[in-house]
Amino acid sequence: MALHTWLAFLLACWVISLSPGAGAIASMSAGLRHGFWHGYWNAIGLQLGLALQIAIVAAGVGALLATSQLAFAVIKWFGVLYLVYLAIRQWKAAPMDFSNAPAPGGGASASSLVFRGFLVSSSNPKAVVFMLAVLPQFINPSEPLLAQYLIIGATMVTVDLIVMAGYTGLAAKVLRLLRTPRQQRLTNRIFSGLFMGAAALLATVRQAIS
């Protein structure tokens, strides 16, 4: 991959990753609830989902998703239902007791946070179709494809890890300011609304089949 092509792709990665979406909401929710270091496991799961999406596009399966109404609908509605589940769970989350917990991090295992992030990322068919439309613009068919997709995948994952660290850390800082149960309930309901908003947006996604 030529340097100027990679730099253009790097810029596109920053724009895409910084755009608020379900992944950013999940990262902020994890940071708020579990602190930065424990909550960051959610971002690891997001990257596993992103890596899967890149592999799907690289393998050509993304073309099937882009043209199959059934495959698109199944993955889309799974994603919608999972975001609604996260919204309900966030709404019902009990306020944390800071008096006996000087450092946040309890309540969810690292593996459960990784799995949650993976589901949020991998259950968005719009992302696969988007990558199917964008990634080929940065691929040179006359050069080895595997090496190019590995560079693309490493670049996207690295940028997204940095951005999600920012979202997680920002929310973790807010955590220190939320001491009363009323403040925490209000924040949980705000994030619940954000998850519901993300679900509603995903539900409006329509498949463009040529």
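Going letter by letter, the sequence shown gives residues 488 to 697 in the working numbering.
Note that beta-carbon positions come from the ideal geometry of N, C-alpha and C, so glycine has one too.
Exercise for review: Quick one: measure Cβ to Cβ for Leu-662 and Leu-519, integer angstroms, because I've assumed they're closer than 8 Å.
Suggested key: Along the sequence shown, read from residue 1 onward, the residue named residue 662 stands at position 175. Along the sequence shown, read from residue 1 onward, the residue named residue 519 stands at position 32. Correct: roughly 5 Å between the Cβ atoms.
Check your understanding: Is the stretch 560–576 in contact with the stretch 634–642, if contact means three or more CB pairs nearer than 8 Å?
Key -> no
Review point. Between the stretch 673–684 and the stretch 523–530, are three or more C-beta pairs nearer than 8 Å?
Key: no
**Study point:** Sequence-distant residues of its chain with Cβ nearer than 8 Å to Ala-495 (five each side left out)
**Key:** For the purposes of this step, residue 495 is taken as the residue at position 8 of the sequence shown. Here the set comprises Phe-625.
Review point. Helix or strand or just coil, what does DSSP make of Leu-557?
Key: Here residue 557 is taken as the residue at index 70 of the sequence shown, counted from 1. Here Leu-557 sits in helix by DSSP.
Review point. Comparing alpha-carbon positions, which option in Ser-609, Met-488 and Gly-653 lies nearest Trp-501?
Key: On the sequence shown, position 14 is the one that residue 501 refers to. Here the closest residue by C-alpha is Gly-653.
Practice item. Using beta-carbon positions only, say whether Ala-685 and Ala-517 come within less than 8 Å of one another. Key: Within the sequence shown, residue 685 is the residue found at index 198, counting from 1. Within the sequence shown, residue 517 is the residue found at index 30, counting from 1. Cβ atoms of Ala-685 and Ala-517: not closer than 8 Å.
Review point. Which residues bound the alpha helix (DSSP H) around Thr-645?
Key: As a first step, residue 645 must be located in the sequence shown, where it is residue number 158. Here the alpha helix (DSSP H) through Thr-645 covers 632–662.
Check your understanding: By Cβ distance below 6 Å, which residues in the same chain neighbour Asn-611 in space, the five residues on each side in sequence not counted?
Key -> Taking the first residue of the sequence shown as 1, we reach residue 611 at position 124. Contacts found: Gly-566.
Practice item. Apply the 10 Å Cβ neighbour rule to Ser-679 and answer buried if 16 or more other Cβ atoms are within range, or exposed otherwise. Key: Along the sequence shown, read from residue 1 onward, the residue named residue 679 stands at position 192. Counting Cβ neighbours within 10 Å, Ser-679 comes out buried, since at least 16 surround it.
Check your understanding: Can you tell me whether Leu-689 is buried or exposed, with buried defined as 16 or more other CB within 10 angstroms of its CB?
Key -> Translated into positions along the sequence shown, residue 689 becomes position 202. Classification of Leu-689: buried, given that the 10 Å Cβ count is 16 or more.
Point to revise | Beta-carbon proximity list for Trp-578, same chain, < 7 Å, skipping 5 on both sides | key: Locating residue 578 in the sequence shown gives position 91, counting from the first residue. So the qualifying residues of the chain are Asn-675, Arg-676 and Ser-679.
Practice item. Look at the Cβ atom of Leu-681, then the Cβ atom of Ile-512, and state whether they are nearer than 8 Å. Key: Here residue 681 is taken as the residue at index 194 of the sequence shown, counted from 1. Here residue 512 is taken as the residue at index 25 of the sequence shown, counted from 1. Against a cut-off of 8 Å, the Cβ pair of Ile-512 and Leu-681 comes out as a contact.
Exercise for review: Identify, in the order they occur along the chain, each residue of the same chain with its Cβ nearer than 6 Å to the Cβ of Met-683, setting aside the five sequence neighbours on each side.
Suggested key: On the sequence shown, residue 683 is found 196 positions in, with the first residue counted as 1. Closer than 6 Å at the Cβ level, and outside the excluded window around Met-683, lie Ala-574.
Practice item. Tell me whether Ser-608 is buried or exposed, calling it buried when 16 or more other Cβ atoms sit within 10 Å of its Cβ. Key: Mapped onto the sequence shown, residue 608 falls at position 121. Counting Cβ neighbours within 10 Å, Ser-608 comes out buried, since at least 16 surround it.
**Study point:** Host alpha helix (DSSP H) of Asn-529 (start-end)
**Key:** Here the question's residue 529 lines up with position 42 in the sequence shown. Looking at the DSSP string, the run of the alpha helix (DSSP H) that includes Asn-529 is 528–546.
Review point. What did DSSP end up calling Ser-610 once you bin it into helix, strand or coil?
Key: Residue numbering aside, residue 610 sits at position 123 when the sequence shown is read from its first letter. Note: Ser-610 maps to coil in three-state DSSP.
Practice item. For Asn-675, name the three-state secondary structure that DSSP assigns. Key: The residue labelled residue 675 in the question sits at position 188 within the sequence shown. Three-state result, Asn-675: helix.
Review point. What separation, rounded to the nearest whole angstrom, lies between the Cα atoms of Leu-533 and Ala-581?
Key: As a working note, residue 533 is residue 46 in the sequence shown. As a working note, residue 581 is residue 94 in the sequence shown. Taking the straight line from one Cα to the other gives about 25 Å.
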